[in-house]
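Asks: If you want the numbering used here, it's the position in the sequence shown, counting the first as 1, plus 180.
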Amino acid sequence: MLDVTSYRKLFPMVEKYAFFNHAGVSALNTHAADAMRTFAEQSTTIPFTEAGLAAFHTMNELRERFATLINARSVDEIVLMPNTAAGINTAALGLPLRTGDNVLVIDGDYPANIYPWMNLAHRGVLTKFVPTHNGGVDLSLLESRIDSHTRVIAMSTVQFATGFRNDVVSAGQLCRDRNIYFAVDGIQSLGAFPLDVQAANIDFLSCGSQKWLLGPMGVGFMYVRRELLDDLIPGPYVGAASTVDWLNFLDYNFSPLPTAERFALGSPNFIGMHGLNASVALLQGVGIDHVSERILSLTDVAINDLRERGYRLSVSTDRAHRSGIVIVEVNDPEATCDQLTKANIITVVRGKGFRIAPHFYNTEEEILRVGEVLDQVSPEL
Numbered sequence: 181m182l183d184v185t186s187y188r189k190l191f192p193m194v195e196k197y198a199f200f201n202h203a204g205v206s207a208l209n210t211h212a213a214d215a216m217r218t219f220a221e222q223s224t225t226i227p228f229t230e231a232g233l234a235a236f237h238t239m240n241e242l243r244e245r246f247a248t249l250i251n252a253r254s255v256d257e258i259v260l261m262p263n264t265a266a267g268i269n270t271a272a273l274g275l276p277l278r279t280g281d282n283v284l285v286i287d288g289d290y291p292a293n294i295y296p297w298m299n300l301a302h303r304g305v306l307t308k309f310v311p312t313h314n315g316g317v318d319l320s321l322l323e324s325r326i327d328s329h330t331r332v333i334a335m336s337t338v339q340f341a342t343g344f345r346n347d348v349v350s351a352g353q354l355c356r357d358r359n360i361y362f363a364v365d366g367i368q369s370l371g372a373f374p375l376d377v378q379a380a381n382i383d384f385l386s387c388g389s390q391k392w393l394l395g396p397m398g399v400g401f402m403y404v405r406r407e408l409l410d411d412l413i414p415g416p417y418v419g420a421a422s423t424v425d426w427l428n429f430l431d432y433n434f435s436p437l438p439t440a441e442r443f444a445l446g447s448p449n450f451i452g453m454h455g456l457n458a459s460v461a462l463l464q465g466v467g468i469d470h471v472s473e474r475i476l477s478l479t480d481v482a483i484n485d486l487r488e489r490g491y492r493l494s495v496s497t498d499r500a501h502r503s504g505i506v507i508v509e510v511n512d513p514e515a516t517c518d519q520l521t522k523a524n525i526i527t528v529v530r531g532k533g534f535r536i537a538p539h540f541y542n543t544e545e546e547i548l549r550v551g552e553v554l555d556q557v558s559p560e561l
């Protein structure tokens, strides 16, 4: 069993709060904060003309970490992005979709993987919504909605509103068999659960860092399967960093890089990527398999305890489809979250209840506090 005692020291938030909002915006760890602080302080005394080489080294180290994290074949398939939506938009606007084509999206998915596809309506591309079943993607239902004009299937690894962990491997195989592009939002699982983009036949993956990756806001990454790099036009935006000889500013040789970095624009978020690099290193040091087992163990405790206390839960009964998200249904979610916050338990309202989303460094004692406080305040709600 993973001993989290030493890791908890990296999260000062635990000194006051039982923090369960990792599916929203995570508490920042001291490794990430220190890395960002160091870079920022160095920037006050060292010119970037001297410090830039080290900064770009950190950027490439982070790309390597992401390539390893998702089992990409090469770092050339990784480009840093400011957030999930930026990567999804890059795919949506770059794909050669035409009037009459359609994209299947999942009803109930987060807008970052919905709106970029709906935005293609001006090209005559139709976005079709596939209903969920028991909170997640039903592969038979998904397949039944495919027609001869379906060019893309877009889905998330985990449904943010229900916590259902989708079978992306089977969905990816379906896409590959039907010659359909597979675009995935990974933000609700990366950092918490393993993901193999090769095994899942994922064509495009985008992910911000402020959730389970324990990073800061404003930095993330995109994966593009290398065979598809030339399928995508550079996108609605291009910059100097998109091209081969980008430091030769007056040559104007518009030759896009032969890697996913052709989708980079220019000055990157160096402060954020220093923090994210430290956070990903932390998670890889723990081991993603250990992290996921720990999270499932904590959600087991939450589910068993809250059910014994008589609370209604929206969560998959199949552990293979469980994630780090547990939805507790209550009569007044807003008031319940307010009461939990007063008890220094951080959750958020989701749908008909509130969401608990623990990470590996949380404890069983913190989980059990949720039920204890609910029992105390429920008569008032």
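Using N, Cα and C, we set each Cβ at its ideal position, and we do this for glycine too. None of these values were measured; they are calculated from a predicted model.
1. Using 10 angstroms around the beta-carbon of S459, count the other beta-carbons present and answer buried if the total reaches 16, otherwise exposed.
2. For A207, which residues of its own chain have a beta-carbon under 7 Å away from its beta-carbon, when the five flanking residues on both sides are left out?
3. I believe A212 touches L394 by the beta-carbon criterion, under 8 Å. Please report the beta-carbon distance rounded to the nearest angstrom.
4. Buried or exposed: H539, going by 16 or more other Cβ atoms within 10 Å of its Cβ?
5. By the 10 Å Cβ neighbour count, where 16 or more other Cβ atoms means buried, how is R245 classified, buried or exposed?
6. Which residues in the same chain have their Cβ closer than 6 Å to the Cβ of E441, if we skip the five residues on either side of it in sequence?
7. Since T312 and G343 should fall inside the 8 Å C-beta cutoff, what is the C-beta to C-beta distance between them, to a whole number of angstroms?
8. In terms of DSSP beta bridges, what is Y403 paired with?
9. Keeping to the same chain, check which residues put their C-beta closer than 7 Å to that of G280; ignore five residues upstream and five downstream.
10. Taking Y361 and A252 to be in contact with their CB atoms under 8 Å, please state how far apart those CB atoms are, rounded to whole angstroms.
11. Alpha carbon to alpha carbon, what distance is there between Y295 and E509?
12. Leaving out five residues on either side along the sequence, give the residues of the same chain with a beta carbon under 7 Å from the beta carbon of V349.
13. Tell me which same chain residues have a C-beta within less than 7 Å of the C-beta of A220, skipping the five on either side of it?
14. Between which two residues does the alpha helix (DSSP H) carrying T521 extend?
15. Do you know whose CA, among M397, V506 and A420, lies nearest L476's CA?
16. Comparing C-alpha positions only, which one of G455, G467, P262 and T516 sits nearest to K532?
17. Opposite M193 in the DSSP bridges: which residues?
18. Assuming T270 and F443 make a contact with CB atoms under 8 Å, what is their CB distance in whole Å?
19. Under the three-state reduction of DSSP, which class applies to L427: helix, strand or coil?
20. Grab the span of the alpha helix (DSSP H) containing Y187 for me, first residue to last.
21. In the DSSP output, what is Y290 paired with across the bridge?
22. In the DSSP assignment, the alpha helix (DSSP H) including V466 goes from what residue to what residue?
23. Answer yes if the segment 216-236 comes into contact with the segment 380-389, meaning at least three C-beta pairs across the two stretches below 8 Å, and no otherwise.
24. Is the distance from the Cβ of T337 to the Cβ of G315 below 8 Å?
25. If contacts are defined as beta-carbon pairs under 8 Å, then I268 and L375 qualify, I think. What distance do you get, rounded to the angstrom?
26. Select from V550, F434, V377 and D480 the residue whose C-alpha is nearest the C-alpha of Y197.
27. Under the assumption that S254 contacts R406 (Cβ atoms under 8 Å), give the Cβ distance between them as a whole number of angstroms.
28. My output table needs one value for F199: the three-state DSSP class, helix, strand or coil.
29. Do you know how far the Cα of Y432 is from the Cα of G465?
30. Compare the C-alpha of L370 against each of M298, L412, D469 and L445 and name the closest.
31. Please list the segments of the alpha helix (DSSP H) lying wholly inside the segment 313-389, counting only runs of 4 or more residues, in order along the chain.
32. Less than 8 Å between the C-beta atoms of D485 and L548, yes or no?
33. Please report how far the alpha carbon of N293 lies from the alpha carbon of E544, in whole angstroms.
34. Report yes if the CB atom of Q368 is closer than 8 Å to the CB atom of V205, and no otherwise.
35. Does DSSP put S494 in a helix, in a strand, or in coil?
36. Hey, would you say T238 sits closer than 8 Å to H454, going by beta carbons?
Replies: Short version:
1. Counting other Cβ atoms within 10 Å of its Cβ, S459 reaches 16 or more and is therefore classed as buried.
2. Within the same chain, A207 has close Cβ partners F191, M193 and F199.
3. With 8 Å as the limit, A212 and L394 qualify as a contact, their Cβ atoms being about 7 Å apart.
4. Buried.
5. Residue environment for R245: buried (at least 16 other C-beta atoms within 10 angstroms of its C-beta).
6. Correct list, in chain order: V259.
7. The beta carbons of T312 and G343 sit about 12 Å from each other, so the pair does not count as a contact at 8 Å.
8. Looking at the DSSP assignment, Y403 forms a beta bridge with I258 and L385.
9. Only G304 and H329 meet the Cβ criterion.
10. Y361 to A252, Cβ: 17 Å. No contact.
11. The alpha-carbon atoms of E509 and Y295 are separated by roughly 28 Å.
12. If we look at V349 and ignore the five residues flanking it on each side, its Cβ neighbours are A379 and A380.
13. Shown here for A220: same chain residues with a beta carbon closer than 7 Å to its own, the five before and five after excluded, namely I451 in chain order.
14. Boundaries of the alpha helix (DSSP H) harbouring T521: P513 to K522, taken from the DSSP string.
15. Looking from the CA of L476, the closest CA among M397, V506 and A420 belongs to V506.
16. Distance check between K532 and each of G455, G467, P262 and T516 places T516 closest, using alpha-carbon atoms only.
17. In the DSSP assignment, M193 forms no beta bridge with any residue.
18. About 5 Å; that satisfies the 8 Å criterion.
19. In this structure, L427 counts as coil in the three-state DSSP scheme.
20. Start and end: T185 to R188.
21. According to DSSP, Y290 bridges with nothing at all.
22. Annotation: the continuous alpha helix (DSSP H) that includes V466 extends over F450 to V466.
23. At 8 Å Cβ cutoff, the stretches do not touch.
24. Result no, Cβ atoms of T337 and G315 do not sit closer than 8 Å.
25. That belief does not hold up - the Cβ atoms of I268 and L375 are roughly 16 Å apart, past 8 Å.
26. Out of V550, F434, V377 and D480, V550 has the C-alpha closest to the C-alpha of Y197.
27. With 8 Å as the limit, S254 and R406 qualify as a contact, their Cβ atoms being about 6 Å apart.
28. Strand at F199.
29. Rounded to whole angstroms, G465 and Y432 show a C-alpha spacing of 43 Å.
30. Cα-wise, what sits closest to L370 is D469.
31. Entirely contained in the segment 313-389, the alpha helix (DSSP H) runs reaching 4 residues are, in chain order, 319-324 and 348-357.
32. Going by C-beta atoms, D485 is nearer than 8 Å to L548.
33. Rounded to the nearest angstrom, the two C-alpha atoms are 33 Å apart.
34. No, these two residues do not count as a Cβ contact at 8 Å.
35. Annotated three-state conformation of S494 is strand, per DSSP.
36. Contact: yes.
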